[in-house]
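Asker: Supplied in structure tokens, the structure appears directly below.
Residue numbers (this note's numbering): 35 to 103.
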């Protein structure tokens, strides 16, 4: 994950991705992030960039999968 690589000195552990829901029409994923104990401000500092990266990657994936014949 690009955001982890950039902020690995601030984060104690690499993020985890898991599927939280799946049915015929949708899939839900959960991203689990780990932050230093007692320092939740790290989340608030990197959250805007993190959310932007997630949305950009999703948009890129959906664009590629839509154009596959």
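Positions of the beta carbon are idealized from the N, C-alpha and C atoms, including for glycine.
Between the beta-carbon of residue 79 and the beta-carbon of residue 44, is there less than 9 Å?
Answerer: Counted from its first residue, the chain shown places residue 79 at position 45. Counted from its first residue, the chain shown places residue 44 at position 10. Result yes, Cβ atoms of residue 79 and residue 44 sit closer than 9 Å.
Asker: With DSSP as the reference, please indicate the residues paired to residue 66 in a beta bridge.
Answerer: Here residue 66 refers to the residue found at position 32 when the chain shown is read from its first residue. For residue 66, which the question treats as bridged, DSSP gives the partners 50.
Asker: Under the assumption that residue 66 contacts residue 53 (Cβ atoms under 8 Å), give the Cβ distance between them as a whole number of angstroms.
Answerer: As a working note, residue 66 is residue 32 in the chain shown. As a working note, residue 53 is residue 19 in the chain shown. The pair is not a contact, with the Cβ atoms about 12 Å apart (cut-off 8 Å).
Asker: With the cut-off set at 9 Å, would you say residue 40 and residue 48 are in Cβ contact?
Answerer: Walking along the chain shown from the start, residue 40 turns up at place 6. Walking along the chain shown from the start, residue 48 turns up at place 14. No; because the gap between Cβ atoms is not below 9 Å, this pair is not in contact.
Asker: Run the CB neighbour count on residue 84, radius 10 Å, all protein chains shown included, and call it buried at 16 or more, exposed below.
Answerer: Mapped onto the chain shown, residue 84 falls at position 50. Under this definition residue 84 is a buried residue.
Asker: Identify whether residue 91 lies in helix, strand or coil by the three-state DSSP scheme.
Answerer: As a first step, residue 91 is located in the chain shown; it is residue number 57 there, counting from the start. Here residue 91 sits in helix by DSSP.
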